[in-house]
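Report on the following structure.
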Amino acid sequence: MLLRNLYPSEGLCNGTRLICNDLQKHVISSIIANGNFKNTHVFIPKIPLLSSADEKLPVPFKRTQYPLQLCFVMTINKAPGQTLDFVGIYLREPVFSHGQLYVALSRARSSTGVKLLIRPSTPDDDDDHSTCNVVYNEIIQKTFT
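In full-length UniProt numbering, the protein residues as written are 1 to 145.
What follows is the structure in structure tokens.
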């Protein structure tokens, strides 16, 4: 994942997810994995990064590095519009927003590519481990009448 706005007009913005293909001495060859520039081949250069004042270091310093962070997971809110071969979903708590479970489960190309992990039940647990799809019929009726 990209950590800086390099070339926003070309899709290289903070948070852009990339698939790295080749690590070279001064650039990383990558393909943009999401957004309007999906599947675009790009080169990520090393850039100078300065220590920030909130790091509370005795001496400010500058280092040159790739503005990338390795990432293996994303939140449900970052997943819309993505299609993946395999999706692992960890629900420590039931989803809290209408449509989140649908978004999470529908990211995989097929149902065989979905694995779901929920909190295990305990003997004194009366939770039935279900997620309620909350729809307020009153709002729907008022909207369409």
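Just so you know, even glycine gets a beta-carbon here, dropped at the ideal spot from N, CA and C.
Would the beta-carbon of residue i fall within 8 Å of that of residue j?
i, j, result
"I32", "Y66", "no"
"P60", "L50", "yes"
"I89", "L57", "no"
"L12", "V42", "yes"
"L2", "N21", "no"
"I118", "L101", "no"
"D124", "R109", "no"
"V103", "A79", "yes"
Let me know the secondary structure DSSP gives residue i once reduced to three states.
i, result
"Y90", "strand"
"V114", "strand"
"V42", "strand"
"Y7", "strand"
"Q65", "strand"
Taking 7 Å as the line, does the beta carbon of residue i fall inside it for any heavy atom of the ligand SAM?
i, result
"A33", "The model depicted lacks the ligand SAM and carries no ligand whatsoever."
Could you please give me the residues that DSSP links to residue i through a beta bridge?
i, result
"D22", "S29"
"I76", "DSSP lists no partner for I76."
"A104", "For A104, which the question treats as bridged, DSSP gives no partner whatsoever."
"P48", "T64"
Quick check: the Cα distance between residue i and residue j, rounded to an integer number of angstroms?
i, j, result
"Q141", "G81", "30 Å"
"L105", "I44", "32 Å"
"N137", "K62", "58 Å"
"S97", "T75", "13 Å"
"R107", "P8", "26 Å"
"T83", "T64", "34 Å"
"R4", "I47", "10 Å"
"L6", "G99", "33 Å"
"S121", "S111", "24 Å"
Under a Cβ-count criterion, where at least 16 other Cβ atoms within 10 Å of its own Cβ denotes burial, should residue i be classed as buried or exposed?
i, result
"L18", "buried"
"S30", "buried"
"N39", "exposed"
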